[in-house]
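In what follows, a structure is listed as structure tokens, so that the remarks can point back to it.
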Amino acid sequence: MWVALAGAVVALVVNHFVPVLSALTVAVLIGVLVPVRADLQHATRRFLRAGVVLLGLQLSLAQITDLGFGTVLAVVVTVLAGFFGTLALARWIGVSRGLGLMVATGFSICGASAIVAMDSVARTDKEDVAASVTLVTLYGSAAIALVPLIGRGMGSEFLGKWAGLSVHEVAQVVAAASPAGAAAVGAAVVVKLTRVVLLAPIVAGVGFFQRQDGPKPPAVPLFAVGFLAMVLVRSAGILPGPVLDGAKVTTTTLLAAAMFGLGTTVRIGKLVRAGKKGLVLGALSTVLVGGVAFGSLILI
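Under this note's numbering, the first residue of the sequence shown carries the number 2, and numbering increases by one thereafter.
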């Protein structure tokens, strides 16, 4: 447990000095590269579930409604099209079922944290989980440069919403929207966190179908319910600002510890074998999510 927290602290320090690198991505890389003999599987699950629950404190219902019906609908359309479209692409390309599910989850919802949350229900091969985190990092980093470049001439609010809809990690969303100014960053973060809300029903849905094949975790994981409960707590306005700020740091620390624990289970040789098909899937999924997001904002 303490080993995982130490890995998380190192990842947070790296993120502080290099903000473009998500602390979650750094944490999983440290876990992969640093030899650890301790079995962190139980601690990883506990950190992940607690982190996802606290993540709900970063979003309120008022922020969602302020976006307007059209933008919220664009979020739903983008996430669903990205998730199910990526699953279809994975079958077409011929990647493993687990890698397809992890890429679909991470690219359509919220990157590494969504991937690890889905893994707690789907019980996927850890190499598939780590490979999908690597792909999220690669293509999300590319989006930091491409979104502002493609979005030249767009209004700042439109570009911010598009970044929030199409870029994978929260840190990457902020970096992609920053060239367009503070208004773009504000819109991007709220849209991104609205995507995160859909993590709960999608994880619950996958959990339900997994149960059809034998004993599995509960169809509606308690941490998903806890996430929605924390959104309601934030919406009630009963928590002061310092508590919310502290919860944000704690959330990142817990999720980073979970990612470090995940990294310790990875074997590099198996990860490399994700190969070209994984790269192709990541590229196609990025184009799919970005295209649907752009089209949804234009049409809706």
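Idealized CB from N, CA, C, for every residue including glycine.
Beta-carbon proximity of residue i to residue j, cut-off 8 Å
i, j, result
"GLU128", "SER23", "no"
"LEU200", "ILE110", "yes"
"LEU60", "VAL232", "yes"
"GLY83", "LEU300", "no"
"VAL192", "GLY152", "no"
"VAL96", "LEU136", "no"
"GLY107", "SER133", "yes"
"LEU102", "MET119", "yes"
"LEU282", "ILE94", "yes"
"LEU13", "THR252", "no"
"THR45", "LEU298", "no"
"VAL11", "ILE31", "yes"
"ALA294", "THR72", "no"
"SER167", "GLY247", "no"
"MET2", "VAL117", "no"
"ALA176", "VAL15", "no"
"ALA131", "VAL244", "no"
"LEU255", "ALA51", "yes"
"ALA91", "LEU100", "yes"
"THR195", "LEU68", "yes"
"ALA181", "PRO149", "yes"
The alpha helix (DSSP H) enclosing residue i, as first and last residue numbers
i, result
"PRO149", "127–151"
"GLU158", "157–167"
"ARG47", "42–56"
"SER121", "112–123"
"MET260", "242–264"
"PHE70", "70–94"
"VAL293", "276–300"
"SER236", "223–237"
"GLN64", "62–67"
"ALA183", "183–198"
"ALA28", "24–34"
"PHE108", "Per DSSP, PHE108 belongs to no alpha helix (DSSP H) and is neither H nor E."
"ALA178", "171–178"
"GLY154", "No alpha helix (DSSP H) contains GLY154, which DSSP labels as neither H nor E."
"VAL14", "3–18"
Integer-rounded CB distance, given that residue j should sit under 8 Å from residue i
i, j, result
"LEU41", "VAL4", "7 Å"
"PHE224", "VAL29", "Not quite, the Cβ-Cβ distance comes to about 19 Å (not below 8 Å), so this is no contact."
"ALA258", "PHE18", "Not quite, the Cβ-Cβ distance comes to about 19 Å (not below 8 Å), so this is no contact."
"GLY57", "LEU229", "6 Å"
"VAL226", "VAL122", "Not really, about 13 Å apart at Cβ, beyond 8 Å."
"THR26", "THR138", "5 Å"
Any chain B beta carbon closer than 8 Å to residue i
i, result
"GLY154", "As a matter of chain content, chain B is missing from the structure shown, which is built from one protein chain."
Handout entry: Cβ contact check for the stretch 187–201 and the stretch 142–161: 3 or more pairs under 8 Å
Key = By the C-beta criterion, the stretch 187–201 is judged to be in contact with the stretch 142–161, since at least 3 inter-stretch pairs fall below 8 Å.
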